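*Asks:* Sharing a structure below in structure tokens format, with a few things to ask.
In the numbering used here, the protein residues as written are 2 to 113.
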């Protein structure tokens, strides 16, 4: 592999040490590949589950099915919140209020 070639060209190692490094690097690479495959499978599973749920989180720019699933898991039972303001407060978010005298803007941006 590229990593093994880089190690060999960087230092002159004893054959026993070189063999041990080859085994260690080979094992580490195999573990990383296994984790990468598991992540792909989990993402597919999350996308399938999220496709069956009625929700609008993914309509927010930058929030995909995996992130939306994390938000849903973190919030838990949404019924325990009276309205979206309480959910936002729970998440540490708030909507800025734009006021001038008696005027209050209806369209406000979300802040953290």
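Each residue gets a CB set at the ideal place from its N, CA and C atoms; glycine is no exception.
Just so we're clear, the structure is a prediction, and the values are computed from it rather than from any experiment.
Where does residue 23 sit, in a helix, a strand or coil, going by DSSP?
*Replies:* helix
*Asks:* May I have the straight-line CA-CA distance separating residue 36 from residue 10, to the nearest angstrom?
*Replies:* 28 angstroms
*Asks:* Output the distance between the C-alpha atoms of residue 92 and residue 58, rounded to the nearest integer angstrom.
*Replies:* 14 angstroms
*Asks:* Report the rounded CA-to-CA distance for residue 48 versus residue 24, giving the unit in angstroms.
*Replies:* Answer to the nearest angstrom: the Cα atoms are 36 angstroms apart.
*Asks:* What number of angstroms, rounded off, separates the C-alpha of residue 65 from the C-alpha of residue 31?
*Replies:* Taking the straight line joining both Cα atoms gives about 29 angstroms.
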